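To keep things clear, I will list the structure first and then write my remarks on it.
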Amino acid sequence: MAVDLFSDYTMTINGRAVDSDRRFDAINPATEEVIASVPDASRADLDAAVAAAKAAFGPWSARPLAERQAMVARLGQIIRDHAEDFMRLLTLEQGKARQGAEWEIGGSAIWCDEIAKQQLELHVAEKSETRTVETRRVPVGVVGAITPWNFPLLLAIWKIAPALVAGNTMVLKPSPYTPLCTLKFGELARELLPPGVLNIVSGGNEPGAWLVQHPDVNKISFTGSTATGRKIMESASGNLKRITLELGGNDPAIVMPDVDVKETAKQLFWGAFQNSAQFCVAAKRLYVHEDIYDSFAEELVSYARTVQVGDGSEQGVELGPIQNKMQFEKLKNLLADAREQGLKFRLGGEIPAGKGYFVPITIIDNPPENSRVVVEEAFGPVLPLLKFRDLDDVIARANDTEYGLAASVWSRDVEQARAIAERIEAGTVWINEIHSFSPHVAFGGHKQSGIGIENALEGLAEYTNAQTIVLSRAE
215 MAVDLFSDYT
225 MTINGRAVDS
235 DRRFDAINPA
245 TEEVIASVPD
255 ASRADLDAAV
265 AAAKAAFGPW
275 SARPLAERQA
285 MVARLGQIIR
295 DHAEDFMRLL
305 TLEQGKARQG
315 AEWEIGGSAI
325 WCDEIAKQQL
335 ELHVAEKSET
345 RTVETRRVPV
355 GVVGAITPWN
365 FPLLLAIWKI
375 APALVAGNTM
385 VLKPSPYTPL
395 CTLKFGELAR
405 ELLPPGVLNI
415 VSGGNEPGAW
425 LVQHPDVNKI
435 SFTGSTATGR
445 KIMESASGNL
455 KRITLELGGN
465 DPAIVMPDVD
475 VKETAKQLFW
485 GAFQNSAQFC
495 VAAKRLYVHE
505 DIYDSFAEEL
515 VSYARTVQVG
525 DGSEQGVELG
535 PIQNKMQFEK
545 LKNLLADARE
555 QGLKFRLGGE
565 IPAGKGYFVP
575 ITIIDNPPEN
585 SRVVVEEAFG
595 PVLPLLKFRD
605 LDDVIARAND
615 TEYGLAASVW
625 SRDVEQARAI
635 AERIEAGTVW
645 INEIHSFSPH
655 VAFGGHKQSG
665 IGIENALEGL
675 AEYTNAQTIV
685 LSRAE
């Protein structure tokens, strides 16, 4: 299908293109220039989207599972058919370089493929001549989805694919900072999905709040900050909406003294700075054993100097800008505080002059555990290196946070590494690798890093309710 991904951005409501009298600008974070004008949904637009999803729910949920699965798989093919344009558009609106755009767009298609193969089996608890007890999974109804600006299309697909396979309909609101890829995906999906099954509305905070509070929305799936997640949980209580919240993290990495320093430093560089560290599971606190601390720090800085930061559309650039001015200003404030506190910078720390929201790769040398650069989730390329000697002490320090999203442990002694991993309070702990994800592996946070699971059958089940049917054949 012929769709121009670089102009005429409209919302998708009930299978139709919908504009709005109110509009806002999408900004290229590398140049601070306006890319496009985007509809800003009114309350009437949001209500129309929910009404369309509600009307479409009955017919969609009644479709055979195989038909729903086939349509979700075809959504993946639509992404592949337009992959090159999606990658260019993603770099324009999000800032990430080519390699990161390939990872996100390719991953979006793969997630559609693989989630489309999943199904939840009927559980038979009892079966006899006189009595049968079965539990099946039924869709929740209308799902409201709110997605972030760091991986705008991939994290939308993480919600769209399982919700639709499970038999739900959806109203999705992308971040106002990165609405373009998601709006264009909605435009392409109009040609495939029945009207009302997938509705996409754009706008600022208001449409998101309306969606969370709407009495005809049965579930909210949100990816974003912990602070916003708390507000969503409170607002969703009005009709006891089901919720899945994938929230912030302050993920520790523990590096034992027996590692290959050069190789581990390279792996953890990308574990910390991929997507310019705008990654909920980025390694944000790097604990290195004192025996190798100096050599590890030297290798990390040496490798960092080889990585080019700049406009993601330029050849050779590997890390792009911070996506938006709000986050850029937060990082400027964090770096100013580090300088005021007299912290030592091994690399970076000074914001370059000129256009674009660029923050240099910054590595801070063994700051105090209570400093802001350690306690707060930077969500940008500012990494504290922290020295440790005692294993029990470093595990306690790693766990001393309100977050519990992910972590990693690095050691040639895999039995010891496993024992350390089992003591870390986090939903995912990688050993000798980092940032491996799969549609078939459960992902979710502990503590204030979230509620619920995404991906795998556990993630598919999040978009369903359990219904037990007890059948007696006795006279």
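In my numbering, the protein residues as written are 215 to 689.
We put the CB at the ideal spot given by N, CA and C, even for glycine.
Here the structure is a predicted model, which means the values were calculated and not measured.
With a beta-carbon spacing of about 23 angstroms, Arg-499 and Pro-535 fall beyond the 8 angstroms limit used to define contacts. The DSSP-derived three-state label of Pro-376 is helix.
Between Gln-488 and His-649, the C-beta gap is smaller than 8 angstroms, which places the two residues in contact. Lys-398 carries a helical assignment under DSSP once its states are collapsed to helix, strand and coil. Counting the other CB atoms within 10 Å of its CB gives Gly-526 a total of 16 or more, which places it among the buried residues. When secondary structure is reduced to three states using DSSP, Gly-485 falls in the helix class.
A residue is called buried when at least 16 other Cβ atoms come within 10 angstroms of its Cβ; Gly-463 meets this threshold and is buried. Excluding the 5 residues flanking it on each side, Val-502 has same chain C-beta neighbours closer than 8 angstroms at Val-469, Phe-510, Ala-511, Leu-599, Leu-600, Lys-601 and Phe-602, in chain order. In this structure, Thr-392 lies away from Val-356, with their beta-carbon atoms at least 8 angstroms apart. Counting along the chain, the unbroken alpha helix (DSSP H) around Gly-443 starts and ends at 440 to 449. By the 16-neighbour rule on beta-carbons within 10 angstroms, Asp-505 is exposed. Under the DSSP assignment, Trp-624 falls in the beta strand (DSSP E) whose first and last residues are 620 to 624. Ala-497 and Ser-622 have their C-alpha atoms spaced approximately 8 angstroms apart. Cβ-Cβ distances below 7 angstroms link Trp-274 to Gly-381, Thr-383, Pro-408 and Val-411 in the same chain, with the five nearest sequence neighbours on each side left out; the list follows chain order.
By the neighbour-count definition (other C-beta atoms within 10 Å, threshold 16), Asn-547 is an exposed residue. Secondary structure note for Trp-317: its alpha helix (DSSP H) is the uninterrupted segment 312 to 329. Only residues of its own chain outside the window of five on either side were considered, and among them Val-531 have a CB closer than 6 angstroms to the CB of Gly-524, listed in chain order. Here the alpha carbons of Leu-459 and Pro-376 stand approximately 15 angstroms from one another.
By the neighbour-count criterion, in which 16 or more other beta carbons inside 10 Å mark a residue as buried, Val-684 falls on the exposed side. Taking each of Lys-398, His-337, Phe-238 and Pro-243 in turn and checking the Cα distance to Lys-569, the smallest one comes out for Pro-243. For the beta strand (DSSP E) assignment, the uninterrupted runs of no fewer than 3 residues enclosed by the stretch 240 to 303 are, from N- to C-terminal side, 247 to 253.
Lys-558 is bridged by DSSP to Asp-579. Assignment of alpha helix (DSSP H) within the stretch 562 to 615, counting only whole runs of 4 or more residues, yields 586 to 589 and 605 to 613 in chain order.
Taking the C-beta atoms as reference points, Gly-641 is found nearer than 8 angstroms to Gly-618. Here the alpha carbon of Arg-560 sits roughly 5 angstroms from the alpha carbon of Ile-577.
When beta bridges are read from the DSSP output, Ile-638 appears opposite no residue. Asn-432 is the residue among Glu-343, Asn-432 and Leu-336 whose C-alpha sits nearest the C-alpha of Gly-358. Taking all protein chains in view, the Cβ of Met-540 is surrounded by fewer than 16 other Cβ atoms within 10 Å, so the residue is classified as exposed.
Per DSSP, Asn-413 is one residue of the beta strand (DSSP E) stretching across 412 to 414. Taken atom to atom, the span from the alpha-carbon of Val-515 to that of Asn-228 is near 52 angstroms. Of the candidates Lys-455, Val-475, Gln-481 and Leu-260, the residue whose Cα lies closest to the Cα of Tyr-507 is Val-475.
Ser-389 and Thr-346 have their C-alpha atoms roughly 47 angstroms apart.
Pro-353 and Ala-265 have their C-alpha atoms some 17 angstroms from each other.
Per the Cβ contact rule, the stretch 363 to 372 is not in contact with the stretch 246 to 257 (fewer than 3 Cβ pairs under 8 angstroms). The three-state secondary structure of Ala-496, taken from DSSP, is coil. In the three-state reduction of the DSSP assignment, Leu-545 falls in the helix class.
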